[in-house]
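Engineer:
Protein chains: 4
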Amino acid sequence: MRNGENAIVGHTRWAIAEGYIPSESTGKKPEFTSHETACMLNTSHRDAHVRITIFYSDRDPVGPYLLTVPARRTLHLRFNKLSNPEPIPRDTDYASLIESDVPIVVQHTRLDSRQPANALLSTVAFGAD
Amino acid sequence: MRNGENAIVGHTRWAIAEGYIPSESTGKKPEFTSHETACMLNTSHRDAHVRITIFYSDRDPVGPYLLTVPARRTLHLRFNKLSNPEPIPRDTDYASLIESDVPIVVQHTRLDSRQPANALLSTVAFGAD
Amino acid sequence: MRNGENAIVGHTRWAIAEGYIPSESTGKKPEFTSHETACMLNTSHRDAHVRITIFYSDRDPVGPYLLTVPARRTLHLRFNKLSNPEPIPRDTDYASLIESDVPIVVQHTRLDSRQPANALLSTVAFGAD
Amino acid sequence: MRNGENAIVGHTRWAIAEGYIPSESTGKKPEFTSHETACMLNTSHRDAHVRITIFYSDRDPVGPYLLTVPARRTLHLRFNKLSNPEPIPRDTDYASLIESDVPIVVQHTRLDSRQPANALLSTVAFGAD
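Chains as they are written, first to last, in my numbering: chain C, 1 to 129; chain S, 130 to 258; chain Z, 259 to 387; chain L, 388 to 516.
Written out as structure tokens, the structure is:
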């Protein structure tokens, strides 16, 4: 058995083909604000430098959005919060490509609270190297 | 690290074994119309020519449905909108095979608004080459 | 590009580690009866002979449950309906192993209508050969 | 066709990048208590000795949490119940690494009942060896 202290798991490229941030929400903020998240796990002892490219249906891709997932940490990134080079518009279809210099694991989640009981979806993203 | 400008990720064949479009909906149209979506991401610099075959439980497959995912674009296709060669009947079990001439990534999502708060599901489709 | 007419995709063994059929439901039957489904897609031209084994937390596995997914058909099997050799008890943790003599694709879905708006989950099952 | 009696499927390492246990719940306990579950299936004839490491966004990983999935059994572990070396705090982002000495299959599920109709998500975890 390997040991959580040394394990490195994941891929250096991940794609999330689904993307849609509803503009409306019901319930307390920020927990119930409709949002999409890329949950990233870096099990290695090196910081992961991550660049995200956002794809749209009707215009050129935007990016890179740059961020760091520190060594042996998880980062649950709300796409709602991305701002540089530009925010992701609401109520708009998009997709994302996530590239890292060390292997990470990426899982995609949406909380949709437009109607008065929230709905959830999640899937491990598509990993490649 | 590779670079979003040049990355090609995905498979040329994808299967979605689940398929069911509820005939009933609650809430504003078209956002809350019950629907199923195949979210397709083409990170390459070539247009992806896609053919979809729909499988049923009790009759021969129908297709191909033909469409294009332009280079470096995402297309979130509502199965509800397919019409040629024929629409997909509502309240009916189906499955789909998605084939492309360049690698793409496919994620499957359903919004079910039959009851007064919508439910969501999503999963990366099953990829093969 | 391959062609929907000849494609064979999938694995001959699939596992679904999650399993739980709620005993309660809200809404019209049978659509809104709480249920779990194994959606199976057989894209090949040969019938798939499938055997399902059900695993529990506190007793020996039960099975096989035998069924056929005809050539070029999908079968969305409600676990609720399995009866031979025995029904799956409600409100009980279980898991399943699905084996086929030709490659198929398996996706797992639950509709939970215990509370007055249904919830959904889905994931492609874990495939192996 | 292989046979459920002898099949071994899975991986010895699994990662779940998403993790969040809501502190609030609506409905009967314990069924509707908001929770996260790692559903583990051991199809082999050997007990699986499992060690779980929990990763956070702002502090060092915690673990190992040790448990056994008996031979030919499934264990649906609620993360809510982990206590040794310490409980997982509520309303906190985390991720998990699951290592086993025999191959197992892991699926991740959350039931969120903070609002008056529960929401569900599930995905097969990310498997590696």
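Every residue gets a Cβ at the ideal spot worked out from N, C-alpha and C, and that includes glycine.
Just to confirm, is the Cβ distance from S:Ala246 to C:Ala117 under 8 angstroms?
Structural biologist: Against a cut-off of 8 angstroms, the Cβ pair of C:Ala117 and S:Ala246 comes out as a contact.
Engineer: Looking only at DSSP bridge pairs, what is C:Glu99 linked to?
Structural biologist: DSSP, once it has assigned bridges, lists C:Arg13, C:Arg51 as partnering C:Glu99.
Engineer: Does L:Arg497 have its Cβ less than 8 angstroms from a Cβ in chain C?
Structural biologist: L:Arg497 counts as touching chain C.
Engineer: Is C:Thr123 close to chain S, meaning its C-beta is less than 8 angstroms from at least one C-beta of that chain?
Structural biologist: Cβ-Cβ to chain S under 8 angstroms: yes for C:Thr123.
Engineer: State yes or no: is the beta carbon of S:Ala246 nearer than 8 angstroms to at least one beta carbon in chain B?
Structural biologist: Protein chains in the displayed structure are C, S, Z and L, and chain B is not among them.
Engineer: Within 10 angstroms of the Cβ of C:Asp93, are there 16 or more other Cβ atoms? Answer buried if so, exposed if not.
Structural biologist: Its Cβ being crowded by 16 or more others within 10 Å, C:Asp93 is buried.
Engineer: In chain order, what residues of the same chain lie with their CB nearer than 7 angstroms to the CB of L:Arg460, ignoring the 5 residues before and after it?
Structural biologist: The residues are Asn429.
Engineer: With distance defined between alpha-carbon atoms, name the residue in Z:Thr284, Z:Asp316, Z:Ser354 nearest to Z:Ile310.
Structural biologist: Answer by Cα proximity: Z:Ser354.
Engineer: DSSP three-state call for L:Asn505: helix, strand or coil?
Structural biologist: L:Asn505 falls in the coil class under three-state DSSP.
Engineer: Identify which residue in S:Ser186, S:Ser212, S:Ser154 has its Cα closest to the Cα of S:Leu195.
Structural biologist: The residue with the shortest Cα to Cα distance from S:Leu195 is S:Ser212.
Engineer: Please report the distance separating the alpha-carbon of L:Asp447 from that of L:Pro476.
Structural biologist: Using only the alpha carbons, I get a separation of about 14 angstroms.
Engineer: Which value, in whole angstroms, describes the spacing of the CA atoms of S:Leu240 and Z:His334?
Structural biologist: Computed Cα separation, rounded: 18 angstroms.
Engineer: On the DSSP letters alone, give me the boundaries of the beta strand (DSSP E) that Z:Ala386 sits inside.
Structural biologist: Where Z:Ala386 is concerned, the enclosing beta strand (DSSP E) stretches over 384-386.
Engineer: Can you tell me which of the three DSSP states C:Glu18 falls into?
Structural biologist: C:Glu18: coil per DSSP, three-state reduction.
Engineer: Within 10 angstroms of the Cβ of Z:Glu294, are there 16 or more other Cβ atoms? Answer buried if so, exposed if not.
Structural biologist: Flag for Z:Glu294 reads buried.
Engineer: Who are C:Asp91's beta bridge partners in DSSP?
Structural biologist: Answer is none; C:Asp91 lacks a bridge partner.
Engineer: Taking 8 angstroms as the threshold (beta carbon to beta carbon), is C:Ser44 in contact with chain S?
Structural biologist: No, C:Ser44 lies away from the interface with chain S (no Cβ there is under 8 angstroms from its Cβ).
Engineer: In chain order, what residues of the same chain have a beta carbon less than 6 angstroms from the beta carbon of S:Glu153, not counting five sequence neighbours either side?
Structural biologist: So the qualifying residues of the chain are Arg243.
Engineer: Please return the same chain residues whose Cβ sits closer than 7 angstroms to the Cβ of C:Arg46, not counting the five positions on each side in sequence.
Structural biologist: Here the set comprises Ala71, Val102.
Engineer: Checking the sheet assignment: what are the DSSP bridge partners for C:Asn80?
Structural biologist: Answer is none; C:Asn80 lacks a bridge partner.
Engineer: Taking 8 angstroms as the CB-CB cut-off, is C:Glu18 touching chain S?
Structural biologist: With 8 angstroms as the cut-off, C:Glu18 counts as an interface residue toward chain S.
Engineer: So, helix, strand or coil for L:Pro451, using DSSP?
Structural biologist: DSSP places L:Pro451 in strand when its eight states are reduced to three.
Engineer: In this structure, how does DSSP classify C:Glu31 when only helix, strand and coil are distinguished?
Structural biologist: Note: C:Glu31 maps to coil in three-state DSSP.
Engineer: Please tell me whether S:His140 and S:Ala257 are closer than 8 angstroms, where the distance is taken between their beta carbons.
Structural biologist: It is a contact, given that the beta carbons lie within the stated cut-off.
Engineer: Secondary structure at L:His432, three-state DSSP: helix, strand or coil?
Structural biologist: Here L:His432 sits in coil by DSSP.
Engineer: Mind checking if Z:Phe337 is an interface residue toward chain L, Cβ cutoff 8 angstroms exclusive?
Structural biologist: So no, Z:Phe337 is outside the interface.
Engineer: List the whole-angstrom C-beta distance separating C:Leu121 from S:Thr238, where the pair is believed to meet the contact cut-off of C-beta under 8 angstroms.
Structural biologist: With a Cβ gap of about 7 angstroms, C:Leu121 and S:Thr238 count as contacting.
Engineer: Taking Cβ positions, are L:Cys426 and Z:Glu276 nearer each other than 8 angstroms?
Structural biologist: Yes, they are a contact pair.
Engineer: Is the CB of Z:Arg331 under 8 angstroms away from at least one CB in chain S?
Structural biologist: Judged by the 8 angstroms Cβ criterion, Z:Arg331 is in contact with chain S.
Engineer: Go ahead and pull the three-state DSSP assignment for Z:Asp316.
Structural biologist: Coil.
Engineer: Rounded to the nearest angstrom, what separates Z:Val382 and L:Glu418 at their Cα positions?
Structural biologist: Straight-line Cα distance between these residues: approximately 25 angstroms.
Engineer: 8 angstroms is my cut-off, CB to CB: does S:Pro190 come that close to chain Z?
Structural biologist: By this cut-off, S:Pro190 is an interface position.
Engineer: Which class does C:Ala71 belong to by DSSP, given the choice of helix, strand or coil?
Structural biologist: Of the three classes helix, strand and coil, the one that applies to C:Ala71 here is coil, per DSSP.
Engineer: Since Z:Val364 contacts Z:Val267 with CB under 8 angstroms, what's their CB separation in whole angstroms?
Structural biologist: Their Cβ separation, rounded to whole angstroms, is 11 angstroms, which puts Z:Val364 and Z:Val267 out of contact at 8 angstroms.
Engineer: Leaving aside the five residues before and after C:Pro64 along the sequence, list all residues of the same chain whose C-beta is less than 7 angstroms from its C-beta, in chain order.
Structural biologist: Result list for C:Pro64: Arg51, Ile52, Thr53, in chain order.
Engineer: Return helix, strand or coil for Z:Glu344, following the three-state DSSP convention.
Structural biologist: Coil at Z:Glu344, not helix or strand.
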